[in-house]
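J.:
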Amino acid sequence: MDTPNIDLRKYRESFRIGSFDTDLNGRAKLTSICNYFQEIAGHHVDIIHQGIDDLMANNMAWILSRLKVQIFETPKCKETIDIETWSIGTEGMFGNREFRIYNHDGKVIGQATSSWLVLNTKTKRLVRPQEIVAKLPINCEDPIFEHTLTKIPATECNNFVEDLHIHYSDLDFYKHVNNVKYIKWAIDSCLSEILAGKTIHDLEINYLHEAKLDQTLEIFSQTNSDNSKITIKTKNTNIENCRALIKWK
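So that you can map any letter, position 155 of the sequence shown is 155 in full-length UniProt numbering, and since no number is skipped, the others follow by simple counting.
#1: I need the boundaries of the beta strand (DSSP E) containing THR113, first residue and last residue.
#2: The beta strand (DSSP E) spanning ALA244 covers which residue range?
#3: Could you pull out every residue in the same chain whose Cβ sits closer than 8 Å to the Cβ of VAL108, ignoring the five residues on either side in sequence?
#4: Within 10 angstroms of the Cβ of ALA134, are there 16 or more other Cβ atoms? Answer buried if so, exposed if not.
#5: Less than 6 Å between C-beta atoms, sequence neighbours within five positions excluded: which residues of the same chain meet that for HIS44?
#6: Please confirm if the stretch 63-81 is in contact with the stretch 111-120, defined as three or more CB-CB distances below 8 Å between the two stretches.
#7: Which runs of the alpha helix (DSSP H), 4 residues or longer, sit entirely within the UniProt domain "Acyl-ACP thioesterase N-terminal hotdog" (10-134)?
#8: Would you be able to state if there are at least three C-beta pairs under 8 Å between the stretch 188-195 and the stretch 129-146?
#9: Mind reading off the beta-carbon distance from THR223 to CYS190? Whole number of angstroms is fine, and I expect it under 8 Å.
#10: Say whether the stretch 211-226 touches the stretch 162-180, bearing in mind that this needs 3 or more beta-carbon pairs closer than 8 Å, one atom from each stretch.
#11: Which class does LEU8 belong to by DSSP, given the choice of helix, strand or coil?
#12: Hey, could you find the ends of the beta strand (DSSP E) VAL177 is sitting in?
#13: Just grab the DSSP bridge partners of PHE160 for me.
#14: Would you call the stretch 158-168 and the stretch 120-130 touching, i.e. three or more CB-CB distances under 8 Å?
#15: In whole angstroms, give me the CA-to-CA distance for residue 251 and TRP185.
Shown next as structure tokens:
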């Protein structure tokens, strides 16, 4: 797609909240919103010819490494929201991207920032993203967060929740567990009384190691009325796949 006369520093799309994207209270699930983020980010880089197909042709892939989401108001079933996204350039090995969510009145109801890695799919080694991101239009005019994401500190989560056996439906295009699956597992690991009485204000997650078909993961969670700390590990190993921190309101 050639778009010579369009300013692509920011890219915007509308999403209607379907019944399949809502929770038992009729509000959009955070996992659904994160799927929208992934979808619109993919559309943006596709337009600029730096998307999945373009990178795969050169044996490379975008891999989400870190994500932080803040929700101020949760949209309801059948409502339409707009999501806007843009690249804010690179920092070291990371390409960074931000998102903003608007309701039908144009009010900001959520925002997010993310850090992505570029992986050589043949060698499984990381590729410096500067050459790829240099081809993207950069917007640094109104950063959402003062600082880019850093690694979540390790914490002792001693409360074992459950084993998670990885099934076919958990995998994505790259044949490893889809990033939104980890968010679902992290949320589901929290105490039911917290989930019933509170909503998520802030979620931060780090993806540390891939997980594949037929592996078994263990999830550990430490929850109080203010926050939940979650760790997901590969069973019978020292491999930590994911760390997450949820703040409740």
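Backbone N, C-alpha and C fix where the C-beta goes; we use that ideal spot for every residue, glycine too.
T.: In terms of the structure at hand:
#1: 108-120
#2: 240-248
#3: PHE72, ARG100, ILE101 and TYR102
#4: Only exposed fits ALA134, as fewer than 16 other CB atoms lie within 10 angstroms of its CB.
#5: TYR11 and THR85
#6: yes
#7: 30-47, 52-56 and 130-133
#8: No, the stretch 129-146 does not touch the stretch 188-195.
#9: The beta-carbon separation of THR223 and CYS190, rounded to 5 Å, stays under the 8 Å limit for a contact.
#10: yes
#11: Coil.
#12: Premise fails: VAL177 is in no beta strand (DSSP E) and is neither H nor E.
#13: PHE220
#14: With a cut-off of 8 Å, the stretch 120-130 and the stretch 158-168 do not count as touching, because too few Cβ pairs lie within range.
#15: Because the chain in this structure spans residues 1 to 249, residue 251 falls outside the shown range and cannot be described.
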